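Heads up: the structure comes next, in structure tokens.
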Amino acid sequence: MRADIVDKVRAAGVVGAGGAGFPTHVKLQFEVQMVLANGASCEPLLAGDPYLMTHQPGPVLDGLIAVMNCTGSDEGTICLKSKHTRALATLREKMSENGYAGRIKVFELEDFYPAGDEFILVNEVLGKIVPEGGIPLNVLAVVSNVESLLNVSRAITDIPVTDRYLTVCGEVNQAMVCKVPIGTPANAVIQLAGGPRISDFSIVMGGPMMGKVLTSGSAPITKTTSGIIVLPSNHNVVRDKCRSLDQMRFIAKSACTQCSRCTDLCPRYLIGHALEPHRIMRHLAYNPGWAGDVLDDALICSECGVCEKFACPMMLSPREINAAVKQKLLKEGVKREPKREAYQVSIFNDTRKIPLNRLMERLEVTKYDIHPPFYGDDIRVNQVSIPLQQHLGQPAVPVVKTGDRVNKGDLIGEIPEGALGARVHASIDGKVEAVGENIVIKQ
Ligand code: SF4
Ligand code: SF4
8 MRADIVDKVR AAGVVGAGGA GFPTHVKLQF EVQMVLANGA SCEPLLAGDP
58 YLMTHQPGPV LDGLIAVMNC TGSDEGTICL KSKHTRALAT LREKMSENGY
108 AGRIKVFELE DFYPAGDEFI LVNEVLGKIV PEGGIPLNVL AVVSNVESLL
158 NVSRAITDIP VTDRYLTVCG EVNQAMVCKV PIGTPANAVI QLAGGPRISD
208 FSIVMGGPMM GKVLTSGSAP ITKTTSGIIV LPSNHNVVRD KCRSLDQMRF
258 IAKSACTQCS RCTDLCPRYL IGHALEPHRI MRHLAYNPGW AGDVLDDALI
308 CSECGVCEKF ACPMMLSPRE INAAVKQKLL KEGVKREPKR EAYQVSIFND
358 TRKIPLNRLM ERLEVTKYDI HPPFYGDDIR VNQVSIPLQQ HLGQPAVPVV
408 KTGDRVNKGD LIGEIPEGAL GARVHASIDG KVEAVGENIV IKQ
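In my numbering, the protein residues as written are 8 to 450.
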């Protein structure tokens, strides 16, 4: 039975929908004690997860039970914020039915950021600390986003991942949660939301904290896209994303006061990891080159953005710097060994959680937090550009060629032999127009 579930999840191309796209079938091959369904939805403005828990509780819970069965876990916990009262009520009612009763618990989270970070979630719910550079499996837990669980339940009935639920909001005429075929261009999603209501705008893919500012509106929706946010080009969330590492280093040297507020509020530091962004800032400002033990600590930064968007009084960018240093080190193949044998949660961990309403005020996005309605399942697009790399690991290998006709759900990209990866499927019916890093399909 376990092998069957793993095979079906692998065949359907299910990946972590809430993070970097870790292939789900790989997680399912381990024995664990606890499965956590991550419905924390901690990024401001994003409403897809509460929508799914409210309107599709059955498939979400079925996916959770399948993952529990597969990993030999007796316990499953669905984690969501107390403020999502409709989702809580619907889930509790569904959980009283046969098959769920007694097997699944609910854990109510406070409304803070980043409650949905796997490391923070594991600590909140289980009181355990995932080691530096580790994953929840290290503490015998699996964490799966609620949309991933929905996709697992669909995979069991041989339905592959072809669509993505996401929030479209900000400066659009009709903010909404919608379900769109993977590969749909961001611009088309914005048009679906009534189009932009300002002329000079930037597009953020993902949430306002961890999302990326797009350089092109033709960028496709992927299996991990949780939101499309339209913001004025000079908005607080968009600013500072385009500086080079050398420019940021120069600014750090001239403006960083070494107050260490970025470290004091860093969620990973607060759970006991050896990550102190103010020391990285100091090292970069006063040492030439890219070597240094302290720089390796950038490898354990989650890029949550608390240091940059909430903590720093000088409006500096420790997160952007960490991300750039991390990329550089990963390219060079630098590996970082954990610096601590045991971890101690800070006595300030509870009092330094970032309340979401204050974070939204700081980000200047409160006016966009309007609980958007769902726009149906019948969205049609006539062209998609589906990336072969939407997940951690190796890109999928195309199994179609230009001119082939495909139907929605057909396999178009296979996992390379022996590699970590995920399958990719056609998200609309049509003809293959191009095969490169993306597969373009036109109706
Ligand atoms: S919070 Fe800002 S000014 Fe203070 S140490 Fe960190 S980067 Fe420097
Ligand atoms: S982005 Fe900043 S606050 Fe978040 S983990 Fe990295 S250093 Fe810590």
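By construction, the Cβ of each residue, glycine as well, lies at the ideal position given by its N, Cα and C atoms. On a predicted model such as this, the values are computed, not experimentally measured, just so you know.
Determine the closest residue to C176 out of V42, I205, L116, V16, with distance taken between C-alpha atoms.
As a working note, residue 176 is residue 169 in the sequence shown. Looking at the Cα atoms, I205 is the closest of the given residues.
Rounded to whole angstroms, what is the Cα-Cα separation between T78 and V187?
The residue given as residue 78 occupies position 71 in the sequence shown. The residue given as residue 187 occupies position 180 in the sequence shown. When rounded, the distance between both Cα atoms is 31 Å.
Taking the alpha carbon of V33 as the point to measure from, which residue in V159, D303, P203 has its own alpha carbon closest?
Start at 1 with the first residue of the sequence shown, and residue 33 comes out as number 26. Checked all of V159, D303, P203; the closest Cα to V33 is V159.
Between E115 and the rest of its own chain, which residues show a CB-CB distance below 6 Å, the 5 nearest in sequence each way excluded?
By 1-based counting over the sequence shown, the position of residue 115 is 108. Around E115: S89.
What's the C-alpha gap between H62 and I422?
Indexing the sequence shown from 1 puts residue 62 at position 55. Indexing the sequence shown from 1 puts residue 422 at position 415. Cα to Cα, the separation comes out at about 32 Å.
Checking 9 Å against the spacing of the C-beta atoms, do V442 and P394 come in under that value?
Residue numbering aside, residue 442 sits at position 435 when the sequence shown is read from its first letter. Residue numbering aside, residue 394 sits at position 387 when the sequence shown is read from its first letter. Not in contact: V442 and P394 (Cβ atoms no closer than 9 Å).
Is A305 near ligand 1 - that is, is its Cβ less than 8 Å away from at least one heavy atom of it?
Locating residue 305 in the sequence shown gives position 298, where the first residue counts as 1. Every heavy atom of ligand 1 is 8 Å or more from the Cβ of A305, so no.
Using a 10 Å radius around the Cβ and a threshold of 16 neighbouring Cβ atoms, would you call G123 buried or exposed?
Counting from one through the sequence shown, the residue named residue 123 turns up at place 116. Buried is the call here.
Let me make sure I understand the geometry here. Which of G141, R387, P215, P345 has the alpha-carbon closest to that of N243?
Within the sequence shown, residue 243 is the residue found at index 236, counting from 1. Nearest of G141, R387, P215, P345 to N243, Cα basis: P215.
Which residues in the same chain have their Cβ closer than 7 Å to the Cβ of E368, if we skip the five residues on either side of it in sequence?
On the sequence shown, residue 368 is found 361 positions in, with the first residue counted as 1. Spatial neighbours of E368 in its own chain (CB-CB distance under 7 Å, excluding positions within 5 residues in sequence) are not present.
Would you call the CB atoms of A94 and P57 closer than 9 Å?
The residue labelled residue 94 in the question sits at position 87 within the sequence shown. The residue labelled residue 57 in the question sits at position 50 within the sequence shown. Taking 9 Å as the Cβ cut-off, A94 and P57 qualify as a contacting pair.
Reducing DSSP to helix, strand and coil, say where T78 ends up.
Along the sequence shown, read from residue 1 onward, the residue named residue 78 stands at position 71. In the three-state DSSP reduction, T78 falls in the helix class (H, G or I).
Where does the unbroken alpha helix (DSSP H) through D170 begin, and where does it stop?
Residue numbering aside, residue 170 sits at position 163 when the sequence shown is read from its first letter. Per DSSP, D170 belongs to no alpha helix (DSSP H); it is in the beta strand (DSSP E), 170-177.
Give me the residue from V341, G428, C314, G416 with the minimum Cα distance to I448.
Within the sequence shown, the letter at position 441 stands for residue 448. Residue G416 is the option with its Cα nearest to I448.
Please check the pair V39 and A148, which I expect to be a contact at CB under 8 Å, by giving their CB distance rounded to whole angstroms.
Counting from one through the sequence shown, the residue named residue 39 turns up at place 32. Counting from one through the sequence shown, the residue named residue 148 turns up at place 141. About 6 Å separates the two Cβ atoms, so the contact holds.
Starting from Q390 and walking both ways along the alpha helix (DSSP H), at which residues does that stretch end?
Start at 1 with the first residue of the sequence shown, and residue 390 comes out as number 383. That residue, Q390, is in no alpha helix (DSSP H); its beta strand (DSSP E) goes 390-394.
Is H285 a contact residue of ligand 1, with contact defined as CB to any heavy atom under 8 Å?
For the purposes of this step, residue 285 is identified with residue 278 of the sequence shown, where counting begins at 1. For ligand 1, at least one heavy atom lies less than 8 Å from the Cβ of H285.
Give me the Cα-Cα distance between L349 and A298, rounded to the nearest whole angstrom.
Reading the sequence shown from its first residue, position 342 is the one you call residue 349. Reading the sequence shown from its first residue, position 291 is the one you call residue 298. Note that residue 349 corresponds to Ala in the displayed sequence, not to Leu. Straight-line Cα distance between these residues: approximately 26 Å.
By the DSSP assignment, the alpha helix (DSSP H) with F317 in it spans what residues?
Walking along the sequence shown from the start, residue 317 turns up at place 310. The continuous stretches of alpha helix (DSSP H) do not include F317, and DSSP gives it neither H nor E.
Using a Cβ distance threshold of 8 Å, determine whether the region 8-27 contacts the region 131-147, with at least three qualifying pairs required.
Contact between the region 8-27 and the region 131-147 is absent, because fewer than three Cβ pairs lie under 8 Å.
Give the secondary structure of I446 by DSSP, where H, G and I count as helix, E and B as strand, and everything else as coil.
Here residue 446 is taken as the residue at index 439 of the sequence shown, counted from 1. In this structure, I446 counts as strand in the three-state DSSP scheme.
For C314, is the beta carbon positioned less than 8 Å from some heavy atom of ligand 1?
Along the sequence shown, one-based indexing puts residue 314 at 307. It does: the Cβ of C314 is within 8 Å (strictly closer) of some heavy atom of ligand 1.
Going by C-alpha to C-alpha distance, which of V13, K112, P121 sits closest to C49?
Counting from one through the sequence shown, the residue named residue 49 turns up at place 42. For the residues V13, K112, P121, the minimum Cα distance to C49 belongs to P121.
At which residues does the alpha helix (DSSP H) containing L43 begin and terminate?
What you label residue 43 is simply residue 36 of the sequence shown in a count that begins at 1. Looking at the DSSP string, L43 is not in any alpha helix (DSSP H); the run it does join, the beta strand (DSSP E), is 41-46.
Could you check how far apart the C-beta atoms of C266 and M288 are, in whole angstroms? I think they sit under 8 Å.
Mapped onto the sequence shown, residue 266 falls at position 259. Mapped onto the sequence shown, residue 288 falls at position 281. Not quite, the Cβ-Cβ distance comes to about 10 Å (not below 8 Å), so this is no contact.
Would you check whether ligand 2 has a heavy atom nearer than 8 Å to the C-beta of Y276?
For the purposes of this step, residue 276 is identified with residue 269 of the sequence shown, where counting begins at 1. True, at least one ligand heavy atom lies under 8 Å from that Cβ.
May I have the straight-line CA-CA distance separating V13 from V74, to the nearest angstrom?
For the purposes of this step, residue 13 is taken as the residue at position 6 of the sequence shown. For the purposes of this step, residue 74 is taken as the residue at position 67 of the sequence shown. Answer to the nearest angstrom: the Cα atoms are 9 Å apart.
Is the region 398-406 in contact with the region 343-361, if contact means three or more CB pairs nearer than 8 Å?
no
Apart from the five residues on each side of it in sequence, which residues of its chain come closer than 6 Å, Cβ to Cβ, to L156?
What you label residue 156 is simply residue 149 of the sequence shown in a count that begins at 1. Contacts found: A44, V67, G70, L71.
Can you name the start and end residues of the alpha helix (DSSP H) that A94 belongs to?
One-based indexing of the sequence shown puts residue 94 at position 87. A94 -> alpha helix (DSSP H) spans 92-102.
Mind checking whether the beta-carbon of M255 lies closer than 8 Å to any heavy atom of ligand 1?
In the sequence shown, the residue the question calls residue 255 occupies position 248. For ligand 1, not one heavy atom lies less than 8 Å from the Cβ of M255.
The beta strand (DSSP E) spanning C308 covers which residue range?
Numbered from 1 along the sequence shown, position 301 holds the residue referred to as residue 308. C308 -> no beta strand (DSSP E), and no H or E assigned at all.
Name the two residues that bound the continuous alpha helix (DSSP H) containing C185.
Here residue 185 corresponds to residue number 178 of the sequence shown, with the count starting at 1. Counted as a single uninterrupted DSSP element, the stretch harbouring C185 is not any alpha helix (DSSP H) but the beta strand (DSSP E) occupying residues 183-188.
Look up S155 in the DSSP assignment and say whether it is helix, strand or coil.
Working through the sequence shown from its first residue, we reach residue 155 at position 148. Helix, per DSSP.
Does the beta-carbon of N329, which I'm using as the reference point, lie nearer than 8 Å to any heavy atom of ligand 2?
Your numbering for residue 329 matches position 322 in the sequence shown. Indeed, a heavy atom of ligand 2 lies less than 8 Å from the Cβ.
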